[in-house]
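Asks:
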Ligand SMILES: [Zn+2]
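Numbering (the numbering used here), first residue to last: 2 to 148.
Structure follows, in structure tokens:
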């Protein structure tokens, strides 16, 4: 099977990204990502929705953000691991939880967003772009573009 593969502990859902190389990723330090992951930040990749094919039971959780955007989160229907989400503000784009990729140990984090919510013990490298809140999509995409 070609492409970039991912999945998680229970094995019920697997997914493939139609990419030749691993995507570049960013870290989101916002409070939602902290509480949802139970960790300091989430590590994510921004991808065309058409590049992702998942097999297995997917559960969906839809929420409306305070700004009126609809976010649809997809989880494994068995172990409820978060896999990816889409947002009505960015049609055709999915945000994949990069830690679920089989080759997550090879990923780079090339941008940080919501750094004002960053855990104080975490020191970010000086040469990686960061935004105190959410980054404008065009700027984030530029930071994530393959080099
Ligand atoms: Zn976040």
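Ideal Cβ positions, reconstructed from N, Cα and C, are used throughout, including at glycine.
Per DSSP, residue 17 is paired with what?
Replies: In the DSSP output, where bridge partners are listed per residue, residue 17 has 6, 54.
Asks: Taking the alpha-carbon positions, what's the residue 95 to residue 126 distance?
Replies: If I take the Cα positions, the gap works out to 26 Å.
Asks: Go ahead and label residue 11 buried or exposed: buried means 16 or more other beta carbons lie within 10 angstroms of its beta carbon, across all protein chains shown.
Replies: With fewer than 16 Cβ atoms within 10 Å of its Cβ, residue 11 is classed as exposed.
Asks: Return the first residue and the last residue of the beta strand (DSSP E) that residue 45 is part of.
Replies: Note, residue 45: beta strand (DSSP E), 43-49.
Asks: With distances taken from each beta carbon to the nearest heavy atom of ligand 1, which residues come in below 6 Å, in chain order?
Replies: In chain order, the hits are 29, 31, 33, 34, 43, 115.
Asks: Spatial neighbours of residue 4 within its chain, please: C-beta separation below 6 Å, excluding the five flanking residues on both sides.
Replies: Hits under 6 Å: 17, 18, 19.
Asks: Between which two residues does the alpha helix (DSSP H) containing residue 145 stretch?
Replies: Looking at the DSSP string, the run of the alpha helix (DSSP H) that includes residue 145 is 138-145.
Asks: Quick one: what's got a C-beta closer than 7 Å to residue 29's C-beta in the same chain, skipping five residues either side?
Replies: Contacts found: 42, 43, 45, 114, 115.
Asks: How many angstroms separate the CA atom of residue 102 from the CA atom of residue 48?
Replies: Their backbone Cα atoms lie some 13 Å apart in a straight line.
Asks: Please determine, among 61, 139, 27, the residue with the shortest C-alpha to C-alpha distance to residue 73.
Replies: It is 61 whose Cα lies nearest to the Cα of residue 73.
Asks: For residue 52, which residues in the same chain have their Cβ closer than 7 Å to its Cβ, ignoring the five residues on either side in sequence?
Replies: Counting only Cβ-Cβ distances below 7 Å, and skipping sequence neighbours, we find 18, 19, 20.
Asks: Distance check for residue 31 and residue 110, CA to CA, integer angstroms please.
Replies: Looking at the two C-alpha atoms, the distance is approximately 16 Å.
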